[in-house]
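Here is the structure we will look at.
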Amino acid sequence: MEEFNFTKFKEEGYFIYNPKTNNQLLLNAQKSFEKILKNCQNQKYNYVRVYDDYSHNINIAGIEMIFDEDIIDQNIINLVQESKIINFAKKLFNSDEFVMTLSRYHVTKNFTHLGIWHRDEKPNTLNSFQSNIYLYDETGMEIVPQSHVRNNNESEEKVLRKLPYKDLPSQTPITVKAGN
Numbered sequence: 015m016e017e018f019n020f021t022k023f024k025e026e027g028y029f030i031y032n033p034k035t036n037n038q039l040l041l042n043a044q045k046s047f048e049k050i051l052k053n054c055q056n057q058k059y060n061y062v063r064v065y066d067d068y069s070h071n072i073n074i075a076g077i078e079m080i081f082d083e084d085i086i087d088q089n090i091i092n093l094v095q096e097s098k099i100i101n102f103a104k105k106l107f108n109s110d111e112f113v114m115t116l117s118r119y120h121v122t123k124n125f126t127h128l129g130i131w132h133r134d135e136k137p138n139t140l141n142s143f144q145s146n147i148y149l150y151d152e153t154g155m156e157i158v159p160q161s162h163v164r165n166n167n168e169s170e171e172k173v174l175r176k177l178p179y180k181d182l183p184s185q186t187p188i189t190v191k192a193g194n
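Numbering (the working numbering), first residue to last: 15 to 194.
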C-alpha cells in the first residue's frame, strides 16, 4: 500500500491516492452505483439531496446514508475495502477508533451542483477529514490550497460576503481518475 502522503496533506490540505484498483472491481462498483441511482430516481429510496430541480427527472445531487440496509451493495463495500481508506483514517488520527458522521454518493454525472464556498473545519484543527472514492474520472471538487492552516484572507472574505457562489481568487479544481 502506498503510504499516506502526510507531506502533501500537511502542505496543501489534501492529496490524491491511486490504489491501482482492479478494473473489474471498479466496473462492478459503477454498475452497482447506476442501479442505486436508478432506484433513487424511481423514488424507491428517498434519502436523497436535490438541488435546483430543473430537469425532467428528479435532479439528484446526493444519495445519503450509503450503508443503509436498503441500498448497501457488496460491490461498493469491496471497492471501499480495496481502497484502504480506513487505513488512512487510522493513520491520520493515530487511532483505530473513529466515527464516520456522513456517507454520501455525490451525483455529478449529468449536472453540476454548485454549493456555496464553506469550510468543513476550523483552520489548524484536525478533528475530521473528508475522503472520497471516485467511481468516474472527474474534475469538480475545488479547494483553496493551504486554507486548512489559515483564516480566509481579505480578498476571499470580500468575495464570500458579496457572492458566496463566485470563484475565490486561489481556488483550484481537483482532477481525479476513477478509483482514486
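Where is the CB? At the ideal position from N, CA and C, for every residue including glycine.
For the pair residue 63 and residue 118, the CB atoms are nearer than the 9 Å cut-off. Judged by their CB atoms, residue 149 and residue 43 are nearer to each other than the 9 Å cut-off.
Secondary structure at residue 122: coil, using DSSP grouped into helix, strand and coil. Between residue 39 and residue 92, the gap from beta carbon to beta carbon is short of 9 Å. The beta carbons of residue 137 and residue 162 sit about 6 Å from each other, so the pair counts as a contact at 8 Å. In the same chain as residue 88, and ignoring 5 residues on each side of it, no C-beta atom comes closer than 6 Å to its own.
By the Cβ-count criterion, residue 46 is buried, with 16 or more other Cβ atoms from all chains shown falling within 10 Å of its own Cβ. Within the same chain, Cβ atoms closer than 6 Å to the Cβ of residue 77 are found at 54, 62 and 119, the five residues on either side in sequence being excluded. DSSP places residue 192 outside both helix and strand once states are collapsed to three, so it counts as coil.
In this structure, the straight-line span from the alpha carbon of residue 72 to that of residue 193 is close to 27 Å. For residue 135, there is no enclosing alpha helix (DSSP H), since its DSSP letter is neither H nor E. Out of 23, 169 and 32, the CA that lies nearest to the CA of residue 151 is found in 32.
Taking residue 187 as the centre and dropping the five residues before and after it, the same chain places the C-beta of 153 and 156 closer than 6 Å to its C-beta, in chain order.
Burial of residue 90 is indicated by the presence of at least 16 other C-beta atoms within 10 angstroms of its C-beta. Residue 86 is classed as exposed because its beta carbon has fewer than 16 other beta carbons within 10 Å across all chains shown. At least 9 Å separates the beta-carbon of residue 111 from that of residue 35.
Residues of the same chain with a CB within less than 7 Å of the CB of residue 26, apart from the 5 flanking positions on each side, are 159 and 160 in chain order.
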